[in-house]
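First up is the structure itself, then whatever we jot down about it.
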Amino acid sequence: MQLESAARPWKTTGRYGGGQPDTQRHLQTCKPAHREVLQLFQNLVFPTHPQIPAWAMDSESFPQKPVLGPEGAVAIIFSNQRSDADPEGYQAMAQRMVDLARKQPGYLGIESVRDDAGRGITVSYWKDRASALAWKAVDEHLTAQSQGQKEWYRSYVVRVSRIDAEYGPVDGQWLQAADAVGPALWARYNAWANHRMLEATARLHENHYDVEIGRKTVRGLWNHLIQTDRAWLQRLGAAHSDAAASQSQEWTETEFHSLEDIRRERTKLDQDIIEYFSGMEFQKLSSPVNYTSVIDAKSRSLDARIALFHFFNHQTFHRGQLTIVLRQLGVSSEMTDIVWMLD
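Quick note on our numbering: the sequence shown kicks off at 171 and runs consecutively.
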């Protein structure tokens with residue numbers, strides 16, 4: 171069983187232990203010009219008169235206040251369908267679970283909603299995965315989970331997700347991700363820029379993939395980026411990522427010919443990069459980074475900060491080359507300035 175809460179008082183009727191907003195009052199009092207829009211909004215968002223649990227918690231906000239720390243956060247997402255059984259007992263236990271969770275190490279907050287049909291979703295936030303797993307194993311919580319499986323829920327799905335960014339208007343101020351400047355942001359930008367360049371490449375006829383412009387080709391540039399990024403992930407110590415699971419010479423020299431293959435490998439690699447630079451493994455990276463170049467066979471020892479700069483700058487450099495080649499072949503390039511991603 172997961173947690174549920176509400177941010178403000180609502181009516182307390184409803185067979186699933188919830189209440190409903192008084193939307194009719196707003197329809198009666200709003201300006202005629204706004205009434206049609208409000209009615210449409212009500213029909214779309216509240217088709218079954220959403221219910222919020224009666225046990226509202228004054229100290230919790232909705233949406234939840236910022237939860238992201240320097241090392242990210244973990245979200246436990248609980249999508250569920252309530253049964254008709256024991257609404258009073260369910261509410262009492264749910265409130266008890268909220269109170270108990272607040273006392274657990276690593277607890278950051280909670281958001282929860284439920285509609286009149288008994289469909290609900292609860293998201294609890296934790297400092298890290300270890301904190302979330304520890305909460306799951308608390309004896310009283312285990313008892314509640316067992317009761318929920320037997321009686322309170324018809325069905326449910328639990329999903330565990332790592333949070334790397336959060337943004338939006340909160341209390342009248344714009345909330346920006348904690349990694350406003352740093353490798354986690356660079357990794358997300360890199361994936362975003364590569365996606366836009368793949369979209370541009372898709373507008374080029376495949377017969378032109380091997381046309382040389384300044385001794386560079388579209389296919390060659392994409393393969394070079396894939397190969398070198400995988401090699402650098404290994405050098406940076408991404409030992410547990412899929413990218414580094416098989417780092418033989420044969421793998422790093424594998425060439426991808428179709429756009430479908432290039433897109434699949436590039437997208438998968440970008441996800442590996444995001445996960446590495448957003449995770450604890452990256453936090454352990456220390457200087458120096460030692461490697462042997464495949465270009466001149468020279469052994470080098472780099473400060474980790476220099477290695478990181480090269481890793482991301484190398485990709486930017488070759489995306490620039492790719493832009494030039496595509497333009498020469500008649501394909502307009504996509505805007506890849508980072509400010510466009512943040513808009």
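Ideal Cβ placement from N, Cα and C applies to all residues, glycine included.
- VAL237 has its alpha-carbon roughly 22 Å from the corresponding atom of ARG266.
- Annotation for HIS378: LEU499 place their beta carbon closer than 6 Å to its own, counting only its chain and skipping 5 residues before and after.
- Residue pairing for SER456: DSSP places it in no beta bridge.
- Excluding its 5 nearest sequence neighbours in each direction, VAL501 has C-beta neighbours in its own chain below 8 Å: ALA370, THR371, ARG373, LEU374, listed in chain order.
- Fewer than three pairs of CB atoms, one per stretch, sit closer than 8 Å, so the stretch 327-334 makes no contact with the stretch 256-275.
- Collapsing the DSSP output to three states places LEU429 in a helix.
- Contact fails between the stretch 473-482 and the stretch 387-394, because fewer than three Cβ pairs, one in each stretch, are under 8 Å apart.
- The continuous alpha helix (DSSP H) containing GLY259 extends over residues 257-272.
- Its chain contains ARG433 as the residues whose beta carbon lies nearer than 6 Å to that of LEU368, once the 5 sequence neighbours on both sides are disregarded; these appear in chain order.
- Beta-bridge annotation (DSSP): VAL283 is paired with ILE291.
- When C-beta atoms of the stretch 242-255 are compared with those of the stretch 320-332, three or more pairs fall below 8 Å, so the two segments count as touching.
- DSSP, read as helix, strand or coil, puts ARG400 in helix.
- Nearest to SER503 by C-alpha distance, out of PRO458, HIS427, ASN364, GLN319, is ASN364.
- Distance from the Cα of ASP286 is smallest, within the candidate group PRO257, GLN441, ILE465, SER463, for PRO257.
- Relative to THR313, the option among ASN360, MET263, ARG284, LEU512 whose CA is nearest is MET263.
- For GLN404, the closest C-alpha among the options ASN460, GLU310, LEU355 is that of ASN460.
- In the structure shown, ALA372 falls within a coil segment according to DSSP collapsed to helix, strand and coil.
- For LEU406, no beta strand (DSSP E) run applies, since DSSP gives it neither H nor E.
- Bounds of the beta strand (DSSP E) holding ILE333 are 323-333.
- From the listed residues ASN360, LYS273, SER457, ALA354, the smallest Cα separation to VAL308 is found for LYS273.
- At the C-beta level, GLY288 and LYS235 stay beyond 8 Å of one another.
- Under the three-state reduction of DSSP output, PHE479 falls in the helix class.
- Counting of Cβ neighbours within 10 angstroms places TRP296 among the buried residues, the total reaching 16 or more.
- DSSP, reduced to helix, strand and coil, places GLY242 within a strand of the structure shown.
- According to DSSP, PHE248 shares a beta bridge with THR292, VAL328.
- Counted as a single uninterrupted DSSP element, the beta strand (DSSP E) harbouring ARG470 occupies residues 469-472.
- Scanning its chain for C-beta atoms nearer than 6 Å, with the 5 sequence neighbours on each side dropped, one finds around SER469 the residues THR462, in chain order.
- Beta bridge pairing from DSSP links THR462 with SER469.
- If you draw a straight line from the Cα of PHE487 to the Cα of ASP442, it comes to about 20 Å.
- Check the Cα spacing between ALA357 and each of SER448, GLU376, ILE494, ILE291: the tightest is with SER448.
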